[in-house]
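Sequences listed follow chains H and U, in order. To convert, count from 1 in the first sequence and add 176; that's the numbering used here. To convert, count from 1 in the second sequence and add 176; that's the numbering used here.
There are 2 protein chains.
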Amino acid sequence: MENDILIINSTILPLAPDMPELIRQGYVAVKDGIIAALGSMADLADAAGAEKIIDGSGRLVMPGLVNTHTHAPMILFRGMADDLPLMTWLHEHIFPAEAKSVNPEMVYWCAKLAAAEMILSGTTTVADGYFLENSVAQAFIEAGIRSVAAQGVIDFPAPGVPDPKRNVAAAAEFIEDWQSRSPLLNPAVFCHSPYTCSPETLQNAKAMARRKNAQLFIHLAETRAEVEQVREQHGTTPVRLLDEIGVLDKDTVCVHCVWLEQEEIEVLARTGTRVSTCPQSNMKLASGIAPLKEMLAAGITVGLGTDGCASNNRLDLFFEMDFCAKIHKVKDLDPTALSAATVLHMATLGGAGVLGLENAVGSLSPGKQADIILLDIIQPHLQPFYNPGLLVYGASGADVTTAIIGGKLVMQDRKILPFDVNETMIEVRKMAESL
Amino acid sequence: MENDILIINSTILPLAPDMPELIRQGYVAVKDGIIAALGSMADLADAAGAEKIIDGSGRLVMPGLVNTHTHAPMILFRGMADDLPLMTWLHEHIFPAEAKSVNPEMVYWCAKLAAAEMILSGTTTVADGYFLENSVAQAFIEAGIRSVAAQGVIDFPAPGVPDPKRNVAAAAEFIEDWQSRSPLLNPAVFCHSPYTCSPETLQNAKAMARRKNAQLFIHLAETRAEVEQVREQHGTTPVRLLDEIGVLDKDTVCVHCVWLEQEEIEVLARTGTRVSTCPQSNMKLASGIAPLKEMLAAGITVGLGTDGCASNNRLDLFFEMDFCAKIHKVKDLDPTALSAATVLHMATLGGAGVLGLENAVGSLSPGKQADIILLDIIQPHLQPFYNPGLLVYGASGADVTTAIIGGKLVMQDRKILPFDVNETMIEVRKMAESL
Numbered sequence: 177m178e179n180d181i182l183i184i185n186s187t188i189l190p191l192a193p194d195m196p197e198l199i200r201q202g203y204v205a206v207k208d209g210i211i212a213a214l215g216s217m218a219d220l221a222d223a224a225g226a227e228k229i230i231d232g233s234g235r236l237v238m239p240g241l242v243n244t245h246t247h248a249p250m251i252l253f254r255g256m257a258d259d260l261p262l263m264t265w266l267h268e269h270i271f272p273a274e275a276k277s278v279n280p281e282m283v284y285w286c287a288k289l290a291a292a293e294m295i296l297s298g299t300t301t302v303a304d305g306y307f308l309e310n311s312v313a314q315a316f317i318e319a320g321i322r323s324v325a326a327q328g329v330i331d332f333p334a335p336g337v338p339d340p341k342r343n344v345a346a347a348a349e350f351i352e353d354w355q356s357r358s359p360l361l362n363p364a365v366f367c368h369s370p371y372t373c374s375p376e377t378l379q380n381a382k383a384m385a386r387r388k389n390a391q392l393f394i395h396l397a398e399t400r401a402e403v404e405q406v407r408e409q410h411g412t413t414p415v416r417l418l419d420e421i422g423v424l425d426k427d428t429v430c431v432h433c434v435w436l437e438q439e440e441i442e443v444l445a446r447t448g449t450r451v452s453t454c455p456q457s458n459m460k461l462a463s464g465i466a467p468l469k470e471m472l473a474a475g476i477t478v479g480l481g482t483d484g485c486a487s488n489n490r491l492d493l494f495f496e497m498d499f500c501a502k503i504h505k506v507k508d509l510d511p512t513a514l515s516a517a518t519v520l521h522m523a524t525l526g527g528a529g530v531l532g533l534e535n536a537v538g539s540l541s542p543g544k545q546a547d548i549i550l551l552d553i554i555q556p557h558l559q560p561f562y563n564p565g566l567l568v569y570g571a572s573g574a575d576v577t578t579a580i581i582g583g584k585l586v587m588q589d590r591k592i593l594p595f596d597v598n599e600t601m602i603e604v605r606k607m608a609e610s611l
Numbered sequence: 177m178e179n180d181i182l183i184i185n186s187t188i189l190p191l192a193p194d195m196p197e198l199i200r201q202g203y204v205a206v207k208d209g210i211i212a213a214l215g216s217m218a219d220l221a222d223a224a225g226a227e228k229i230i231d232g233s234g235r236l237v238m239p240g241l242v243n244t245h246t247h248a249p250m251i252l253f254r255g256m257a258d259d260l261p262l263m264t265w266l267h268e269h270i271f272p273a274e275a276k277s278v279n280p281e282m283v284y285w286c287a288k289l290a291a292a293e294m295i296l297s298g299t300t301t302v303a304d305g306y307f308l309e310n311s312v313a314q315a316f317i318e319a320g321i322r323s324v325a326a327q328g329v330i331d332f333p334a335p336g337v338p339d340p341k342r343n344v345a346a347a348a349e350f351i352e353d354w355q356s357r358s359p360l361l362n363p364a365v366f367c368h369s370p371y372t373c374s375p376e377t378l379q380n381a382k383a384m385a386r387r388k389n390a391q392l393f394i395h396l397a398e399t400r401a402e403v404e405q406v407r408e409q410h411g412t413t414p415v416r417l418l419d420e421i422g423v424l425d426k427d428t429v430c431v432h433c434v435w436l437e438q439e440e441i442e443v444l445a446r447t448g449t450r451v452s453t454c455p456q457s458n459m460k461l462a463s464g465i466a467p468l469k470e471m472l473a474a475g476i477t478v479g480l481g482t483d484g485c486a487s488n489n490r491l492d493l494f495f496e497m498d499f500c501a502k503i504h505k506v507k508d509l510d511p512t513a514l515s516a517a518t519v520l521h522m523a524t525l526g527g528a529g530v531l532g533l534e535n536a537v538g539s540l541s542p543g544k545q546a547d548i549i550l551l552d553i554i555q556p557h558l559q560p561f562y563n564p565g566l567l568v569y570g571a572s573g574a575d576v577t578t579a580i581i582g583g584k585l586v587m588q589d590r591k592i593l594p595f596d597v598n599e600t601m602i603e604v605r606k607m608a609e610s611l
């Protein structure tokens, strides 16, 4: 019994730069939460055993996906108000619903439901940003999902932080509380945007994050209106503003980055700033289409994000990959503009890089964390299966049968193992009914 | 036992103009292939019984979806060659693969696999166009799916029609063969395009279709290159060309319609011509974005199509609805540009209208064909469920648990009942391996 888990007889897609693209009849061995070995079944020692053997016949084995941006608790507002102008949606629906319903219990149960949805659709690492992030962290740990959990900072009274003067201090306390508590969770700070946080707040938050060696997330250049507002208030554009006040570096993740000038792309590249792109949210809210090809060409590390459920309305990165590839093809009227391979990279190792976790997750490589998913590819909609591009253009999260995070089996045969999903759905439904 | 099937305790979404939007706790009764009644459980007679009772608790019941354009046999080429320039893709991959592999056996098995994929994702009516359409028709009838099956016409030697002079005659024979054979199938003619069929061919095909009271399908204004080519060859634009030669009327379905001038939209509206829009295909092949809002505003009946699997790569209309709504929002930078309700209509009653079947299918109305699907909405990614918009922005075909076509149960608990799907997958895989 040398291994904890041994997956056998499977098609392996390592998505690692130094590995073959596909191992047609292969195995993956997991021990102490780590990928111990992987390769062809022909090279598996006869004596190799494991506490748990998973027959991967008819399955594709790949690294779990990395969601670089969401607001998990907003699952409560999923589909509550669609197809509306942005300001009507925000001011007449989302903000009032948040004011009425956001409390630690809501955040906890909704984050747990979001974790279930993500695990069931193949996400094993997620970056979250919201208020009362303590309760998100608690829910994620119980759900067994890996995360970067970021406490929200905004220059207005917020749930859990009635006095905005304490917003950075509250985030600092959150980071201290969680910094060494679980190998599955890295705490961070999430500044809402350059139009809801003053330059002083952003500088304070960044200084605090630097001291604590934590990441800083921020919505940036999402809409044309935001760019105009920042220009009016600060006489410059969002990326330039953040650069001028010293907020951009390799531990800052800018989310959306739809409305950028070429020079701003170069600023992001020069400072090593990471980017999370959320194509479905940008399409549904009609924010625009990010200059993704240009950002990738400039060498920026870009990952995929689903955004929160109020604006997507799902947390399924398979959909996100497909939307991402297709929107950039049609944007440029060029079918080669963005390939399936590039999008698969963004959803795995690229996303891991955005979260500073490229040495820990994002590919199936010996020594890395055992964050692994299995997909059932013997289904009518995935046949024939010529190459991994079909994961982008043909699969969905519903094809994921099994998920392992840090060597722990968290989903098998589409059943979540660490907690009771029915109880979670009932709790969230009760809150939805009272909204 | 007055009914054949009785669905009880379910959320009903009739999508019929004269019905309530949602019946929260309702029933649907089916007799002799027809929807006999539907309504609130409170109004269901105590004595009501049925040969088969389906407990629809936790399910949403809605009309089966209508796919207005595909090439079912092209499932063999799914994912074979993605992310390539259009001409490389066509001339170096698709055309050679077709030349090598298209024969009656291939068409039969691949159409059957396509039928399985469509039924499993909630499609109950499909319009297909390909060569050797006899074999598609045979496969569809055996699969139990409702269809408009159209024999391909092209001015080149084609599978089954080596002499292009016989192309319209072959289509006429196909229509005669199938016109009264099954209540599930309407035969039709599919002229490939205005750049592969001469005006004479198009006129002959249309005259033949008129005599036989059959529909004519044609790819039209799909790419900018096509518009330029038609202009060079005929000195006019695709829609104007078809109008001038008398091919446009309410029984002609123009597929794609991406590159239209406003005046051409008015021509389509004036002639009552129907349109099938295929947003995913148009995005993946980078053809462009159709002027859908303008077509709908002009009063044109528009349905959704998946296109064939070589260019999508899936036959799941839930994905198509989502892509359709989001691409048109971001195109106009207007989140109200296309609503979930409009897209749901296009995938049901609107699509039925495109196929001339609006009195037979597309809504749950007493007297209509019993083409019904059930979705499991008690899943993490579909909770909370505030309104039917979530079907567009949150659901996928994998959420469909049950499908009934013409009163016959064709899928239950995600198992296809009329035929052996495993055998079908094995046959198609063998062909794929020999490609």
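For every residue, glycine included, the Cβ atom is placed at its ideal position computed from N, Cα and C. Just so it is clear, the structure is predicted and the values come from calculations on it, not from any experiment.
Residue from the options whose Cα sits closest to the Cα of residue i
{"i": "glutamine 201 of chain H", "options": "H:Leu191, H:Lys207, H:Ser233", "result": "H:Ser233"}
{"i": "alanine 474 of chain H", "options": "H:Gly484, H:Ser452, H:Gly448", "result": "H:Gly448"}
{"i": "cysteine 286 of chain U", "options": "U:Ala486, U:Thr482, U:Ala326, U:Ile251", "result": "U:Ile251"}
{"i": "arginine 400 of chain U", "options": "H:Gly538, H:Ser541, H:Leu509, H:Thr428", "result": "H:Leu509"}
{"i": "cysteine 485 of chain H", "options": "H:Val506, H:Lys507, H:Ser457", "result": "H:Ser457"}
{"i": "aspartate 208 of chain U", "options": "U:Gln545, U:Asn563, U:Val597", "result": "U:Gln545"}
{"i": "methionine 459 of chain U", "options": "U:Glu470, U:Met471, U:Ser487, U:Thr477", "result": "U:Ser487"}
{"i": "histidine 247 of chain U", "options": "U:Ile199, U:Lys276, U:Ala303, U:Gly479", "result": "U:Ala303"}
{"i": "histidine 206 of chain U", "options": "U:Asp194, U:Ile229, U:Ile199", "result": "First, the residue type needs correcting, since residue 206 of chain U is valine and not histidine in the sequence shown. For the residues U:Asp194, U:Ile229, U:Ile199, the minimum Cα distance to valine 206 of chain U belongs to U:Ile229."}
{"i": "glycine 479 of chain U", "options": "U:Ala212, U:Leu525, U:Ile321", "result": "U:Leu525"}
Any C-beta of chain U under 9 Å from that of residue i
{"i": "tyrosine 284 of chain H", "result": "no"}
{"i": "aspartate 231 of chain H", "result": "no"}
{"i": "leucine 520 of chain H", "result": "no"}
{"i": "valine 467 of chain H", "result": "One point to set straight first is that residue 467 of chain H is proline, not valine, in the sequence displayed. With 9 Å as the cut-off, proline 467 of chain H does not count as an interface residue toward chain U."}
{"i": "threonine 600 of chain H", "result": "yes"}
{"i": "alanine 383 of chain H", "result": "no"}
C-beta neighbour in chain H for residue i, strict 9 Å
{"i": "glycine 481 of chain U", "result": "no"}
{"i": "arginine 387 of chain U", "result": "no"}
{"i": "leucine 296 of chain U", "result": "yes"}
{"i": "proline 414 of chain U", "result": "no"}
{"i": "arginine 605 of chain U", "result": "yes"}
{"i": "tyrosine 306 of chain U", "result": "no"}
{"i": "glutamine 405 of chain U", "result": "no"}
{"i": "glutamate 318 of chain U", "result": "no"}
{"i": "isoleucine 251 of chain U", "result": "yes"}
{"i": "asparagine 458 of chain U", "result": "yes"}
Cβ pair residue i, residue j closer than 9 Å
{"i": "isoleucine 317 of chain H", "j": "leucine 266 of chain H", "result": "no"}
{"i": "glycine 298 of chain H", "j": "aspartate 589 of chain H", "result": "no"}
{"i": "lysine 426 of chain U", "j": "arginine 387 of chain U", "result": "no"}
{"i": "proline 363 of chain H", "j": "alanine 346 of chain H", "result": "no"}
{"i": "alanine 536 of chain U", "j": "alanine 523 of chain U", "result": "no"}
{"i": "threonine 613 of chain H", "j": "serine 452 of chain H", "result": "What is shown of chain H runs 177 to 611, which leaves residue 613 of chain H out entirely."}
{"i": "alanine 292 of chain U", "j": "threonine 600 of chain U", "result": "yes"}
Which residues, in order along the segment 441 to 456 of chain H, keep a beta-carbon less than 8 Å from a beta-carbon of chain U?
Gln456
If contact is defined by three or more beta carbon pairs under 8 Å, each pair taking one atom from either stretch, is the segment 561 to 578 of chain U in contact with the segment 490 to 498 of chain U?
yes
If contact means a Cβ-Cβ distance below 8 Å, which residues of the segment 255 to 287 of chain H contact chain U?
Gly255, Met256, Asp258, Asp259, Leu260, Pro261, Leu262, Trp265
Does the contact criterion of 3 or more C-beta pairs under 8 Å hold for the segment 511 to 519 of chain H versus the segment 244 to 262 of chain U?
yes
Segment contact, 8 Å Cβ cut-off, at least three pairs: the segment 222 to 239 of chain U with the segment 540 to 558 of chain U:
Yes, the segment 222 to 239 of chain U is in contact with the segment 540 to 558 of chain U.
Are the segment 276 to 283 of chain H and the segment 308 to 317 of chain H touching by the rule of at least three beta carbon pairs closer than 8 Å?
yes
Closer than 8 Å is the cut-off here; do at least three beta carbon pairs connect the segment 367 to 387 of chain H with the segment 336 to 345 of chain H?
yes
Touching or not, the segment 238 to 247 of chain U and the segment 532 to 550 of chain U, by the rule of three or more beta carbon pairs under 8 Å?
yes
How do the segment 406 to 419 of chain H and the segment 432 to 444 of chain H stand: do at least 3 beta-carbon pairs fall below 8 Å, yes or no?
yes
In chain order, what residues of the segment 550 to 563 of chain H put their CB closer than 9 Å to some CB of chain U?
Ile554, Gln555, Pro556, His557, Leu558, Gln559, Pro560, Phe561, Tyr562, Asn563
Positions along the segment 493 to 506 of chain U whose CB lies within less than 8 Å of some CB in chain H
Phe495, Asp498, Phe499, Ala501, Lys502, Ile503, Lys505, Val506
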